[in-house]
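A short write-up of the structure that comes next.
2 protein chains.
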Amino acid sequence: MIKVCILGGGNVAYHLTNILLKTKNIELVQVYNRTLNHIKYLEKFTSVTNSLNQLKEADIYIICISDNCIETISKKLNFKNKLVVHTSGGIGIDELKCQANKGVFYLLQSFSKERAVNFKEIPICYEATLKKDEELLEKLAKSISNHCYKINSNQRKSIHVAAVFVNNFVNHLYHIGNEICKKNKVPFEILWPIIKETAAKIETLTPLEAQTGPAKRNDTKTLKKHQAMLTQNQQEIYTLLTKSIFNTYGEKL
Amino acid sequence: MIKVCILGGGNVAYHLTNILLKTKNIELVQVYNRTLNHIKYLEKFTSVTNSLNQLKEADIYIICISDNCIETISKKLNFKNKLVVHTSGGIGIDELKCQANKGVFYLLQSFSKERAVNFKEIPICYEATLKKDEELLEKLAKSISNHCYKINSNQRKSIHVAAVFVNNFVNHLYHIGNEICKKNKVPFEILWPIIKETAAKIETLTPLEAQTGPAKRNDTKTLKKHQAMLTQNQQEIYTLLTKSIFNTYGEKL
Numbered sequence: 001m002i003k004v005c006i007l008g009g010g011n012v013a014y015h016l017t018n019i020l021l022k023t024k025n026i027e028l029v030q031v032y033n034r035t036l037n038h039i040k041y042l043e044k045f046t047s048v049t050n051s052l053n054q055l056k057e058a059d060i061y062i063i064c065i066s067d068n069c070i071e072t073i074s075k076k077l078n079f080k081n082k083l084v085v086h087t088s089g090g091i092g093i094d095e096l097k098c099q100a101n102k103g104v105f106y107l108l109q110s111f112s113k114e115r116a117v118n119f120k121e122i123p124i125c126y127e128a129t130l131k132k133d134e135e136l137l138e139k140l141a142k143s144i145s146n147h148c149y150k151i152n153s154n155q156r157k158s159i160h161v162a163a164v165f166v167n168n169f170v171n172h173l174y175h176i177g178n179e180i181c182k183k184n185k186v187p188f189e190i191l192w193p194i195i196k197e198t199a200a201k202i203e204t205l206t207p208l209e210a211q212t213g214p215a216k217r218n219d220t221k222t223l224k225k226h227q228a229m230l231t232q233n234q235q236e237i238y239t240l241l242t243k244s245i246f247n248t249y250g251e252k253l
Numbered sequence: 001m002i003k004v005c006i007l008g009g010g011n012v013a014y015h016l017t018n019i020l021l022k023t024k025n026i027e028l029v030q031v032y033n034r035t036l037n038h039i040k041y042l043e044k045f046t047s048v049t050n051s052l053n054q055l056k057e058a059d060i061y062i063i064c065i066s067d068n069c070i071e072t073i074s075k076k077l078n079f080k081n082k083l084v085v086h087t088s089g090g091i092g093i094d095e096l097k098c099q100a101n102k103g104v105f106y107l108l109q110s111f112s113k114e115r116a117v118n119f120k121e122i123p124i125c126y127e128a129t130l131k132k133d134e135e136l137l138e139k140l141a142k143s144i145s146n147h148c149y150k151i152n153s154n155q156r157k158s159i160h161v162a163a164v165f166v167n168n169f170v171n172h173l174y175h176i177g178n179e180i181c182k183k184n185k186v187p188f189e190i191l192w193p194i195i196k197e198t199a200a201k202i203e204t205l206t207p208l209e210a211q212t213g214p215a216k217r218n219d220t221k222t223l224k225k226h227q228a229m230l231t232q233n234q235q236e237i238y239t240l241l242t243k244s245i246f247n248t249y250g251e252k253l
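As they're listed, the protein sequences go chains W and R.
Its first residue numbered 1, the first sequence is counted upward by one per residue in UniProt numbering.
Its first residue numbered 1, the second sequence is counted upward by one per residue in UniProt numbering.
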């Protein structure tokens, strides 16, 4: 039985709490959050607290709070011989400033409270300074997911920035697509199949192979027509991404 | 029975030929292509030709060739009282220069010969100058897809540019994600679940609601760290999309 304590009440904490409560061989002994109200609904299932002095004994303390606060909160954990991990993609293991042993437990998914997630499909990147802790994290990871990776801090930071491109930026392009549809009284749903197909394609073709469209062909007539239909901000994005696509294939010729 | 002739041998022609050969109440009477070799495999199923003078009688002639050549080929079709349509998202109905009646039959999907497609899920945007032709195209569309839309040329052009954002540009961001992974010796597969989730989310949340990440939060510390890990081209894209996301949410505050 692995005893776990979660610190945080945001989206990651919410989903991780849910799955750990349901997972065999894991005991979620406590959830901490600065604002008790956000985790009050958990009282039926586990202990909740808003005081770091009242943290219970656990094997792993999982810090699921915003990147900016990880250092501060970790400094306040004054126990030793336990494992403290954070769940951030962009923060190194060294930014944990506690006396305890250190690790990282990064869930590579975009969480919203409104959407259920299938943990079995979520890649988990784990890392620890001690071999025994690495094994403990591997065990924890494998108990909730089928995709567990031992990843060092530099690699994890690169995954985090790659995820910004394929998640945050991609979603923003969906937003622009939606804006264009709204302006022209076209239902956004009309784009859903191509969005899904574009995402599905990369499992059988590399994105380099899957690329199509006027930028790759340098179809300047179409490029000009498109530009004329866009707002200034959309034009800037269109121009830069078109240039980047064109250069990518220009280089390969 | 609707008699159809397809002109072209590219990806769209390939998939459309395949589905029409299988569809009840449709007779694919002929496929034309400039280079006969590319459509020779169809000889077993239908008539093939590389001569526009030998086109057979049909109800609908579907031009599936590159945008730049639509005008030229349509000029060479010198029959009347038939329906000639093109399949381009970005070309107006008026760019068909034939004597015959005109229409558009736009399949809103990204086609590769290597990937099977489920036509039932593909949005089809149809348009015709004559009411009776509109009805004919509607019938043809409904015989292969469950998502048929009557869409005028201006709307269709806007869909086409929106599709560049959500398909061509999104795929290029996947490519950048892949490049970052390769450079850091991380398997690109690690990003597949977040890519799929990002695409799936927009069916329950608007992209505006689904947005997360450092740009939206204006998390300048993370933004700086990310910039430092990128090539110059990646940095430019990162900066511009970050600014666009930040402005989108700045405006809403």
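Glycine residues also receive a C-beta, built at the ideal position from the N, C-alpha and C atoms.
Proximal residues of chain R, C-beta to C-beta of residue i below 7 Å
| i | result |
| --- | --- |
| W:Glu-236 | Leu-240 |
| W:Gly-90 | Thr-222 and Lys-225 |
Neighbouring residues, chain R, relative to residue i (Cβ below 9 Å)
| i | result |
| --- | --- |
| W:Arg-34 | Those do not exist, as W:Arg-34 stays about 18 Å from chain R at its closest Cβ, beyond 9 Å. |
| W:Glu-114 | Thr-204, Leu-205 and Glu-209 |
Short Cβ contact (8 Å threshold) for residue i with residue j
| i | j | result |
| --- | --- | --- |
| R:Ile-180 | W:Ala-162 | yes |
| W:Val-164 | R:His-175 | no |
| R:Glu-71 | R:Lys-97 | yes |
| R:Gly-213 | R:Ile-159 | no |
| W:Leu-173 | R:Phe-169 | yes |
| R:Val-85 | R:Leu-137 | yes |
| R:Ile-19 | R:Val-4 | no |
| R:Val-166 | W:Gly-250 | no |
| R:Leu-52 | R:Lys-75 | no |
| W:Thr-204 | R:Arg-115 | yes |
| R:Asp-67 | W:Thr-222 | yes |
| W:Glu-135 | W:Lys-150 | no |
| W:Gly-92 | W:Ser-143 | no |
Euclidean distance between Cα positions of residue i and residue j
| i | j | result |
| --- | --- | --- |
| R:Leu-253 | R:Asn-171 | Interpretation of R:Leu-253 is limited by its pLDDT of 46, a score under 50 that renders its predicted location unreliable; no figure is taken from the coordinates. |
| W:Glu-121 | R:Leu-230 | 28 Å |
| W:Thr-49 | W:Thr-35 | 9 Å |
| W:Leu-16 | R:Leu-107 | 42 Å |
| W:Ser-47 | W:Gln-30 | 5 Å |
| W:Lys-139 | W:Ser-145 | 10 Å |
| residue 305 of chain W | W:Phe-79 | Here chain W has residues from 1 to 253 only, and residue 305 of chain W is not among them. |
| W:Ile-63 | W:Ile-6 | 6 Å |
| R:Met-1 | R:Ile-60 | 12 Å |
| R:Asn-33 | R:Phe-188 | 39 Å |
| W:Asn-184 | R:Cys-148 | 17 Å |
| R:Thr-206 | W:Lys-22 | 30 Å |
| R:Lys-224 | R:Lys-182 | 22 Å |
| R:Asn-101 | R:Gln-155 | 21 Å |
| R:Thr-87 | R:Gln-99 | 18 Å |
| W:Gln-235 | R:Glu-236 | 15 Å |
| R:Gln-232 | W:Ser-110 | 27 Å |
| W:Asn-218 | R:Ile-73 | 21 Å |
| W:Ala-141 | R:Lys-113 | 39 Å |
| W:Leu-208 | R:Leu-55 | 38 Å |
| W:Lys-82 | W:Ile-202 | 41 Å |
| R:Ser-244 | W:Glu-95 | 30 Å |
| W:Thr-103 | W:Thr-129 | Reading off the sequence shown, one finds Gly at residue 103 of chain W, where the question assumed Thr. When rounded, the distance between both Cα atoms is 6 Å. |
| W:Val-186 | W:Asp-133 | 54 Å |
Where residue i meets chain R, residues with beta-carbon distance less than 8 Å
| i | result |
| --- | --- |
| W:Leu-230 | Val-161 |
| W:Lys-221 | Asp-67 and Asn-68 |
| W:Cys-181 | Ser-158, Ile-159 and Ala-162 |
| W:Glu-121 | Pro-193 |
| W:Asn-233 | Ser-244 and Asn-247 |
| W:Lys-185 | Gln-155 |
| W:Tyr-41 | Under the 8 Å cutoff, chain R gives no residues; its nearest Cβ is about 22 Å from W:Tyr-41. |
Residues that residue i contacts on chain W, provided the C-beta gap is smaller than 7 Å
| i | result |
| --- | --- |
| R:Val-48 | Per Cβ cutoff of 7 Å: no residues; R:Val-48 is ~25 Å from chain W at best. |
| R:Tyr-149 | Ile-190 |
Under 9 Å by beta carbon: chain W residues contacting residue i
| i | result |
| --- | --- |
| R:Ser-110 | Ile-194, Glu-197, Thr-198, Lys-201, Ala-210, Thr-212 and Gly-213 |
Short CB-CB distance (under 8 Å) between residue i and chain B
| i | result |
| --- | --- |
| R:Ile-190 | The chain labelled as chain B is not found among the protein chains of the depicted structure, namely W and R. |
inquiry  = Short of 9 Å Cβ to Cβ, which residues in the segment 164-177 of chain W face chain R?
reply    = Val-164, Phe-165, Val-166, Asn-167, Asn-168, Phe-169, Val-170, Asn-171, His-172, Leu-173, Tyr-174, His-175, Ile-176 and Gly-177
message = What are the residues in the segment 58-82 of chain W lying within 9 Å of chain R by C-beta distance?
response = Ser-66, Asp-67 and Asn-68
query = Between the segment 189-203 of chain R and the segment 112-127 of chain W, are three or more C-beta pairs nearer than 8 Å?
reply = yes
query = Quick check: the segment 237-252 of chain W against the segment 7-22 of chain R, are there 3 or more CB pairs under 8 Å?
reply = no
key: Residues from the segment 196-214 of chain R in contact with chain W, defined by Cβ distance under 9 Å   = Lys-196, Glu-197, Thr-198, Ala-199, Ala-200, Lys-201, Ile-202, Glu-203, Thr-204, Leu-205, Thr-206, Pro-207, Leu-208, Glu-209, Ala-210, Gln-211, Thr-212, Gly-213 and Pro-214
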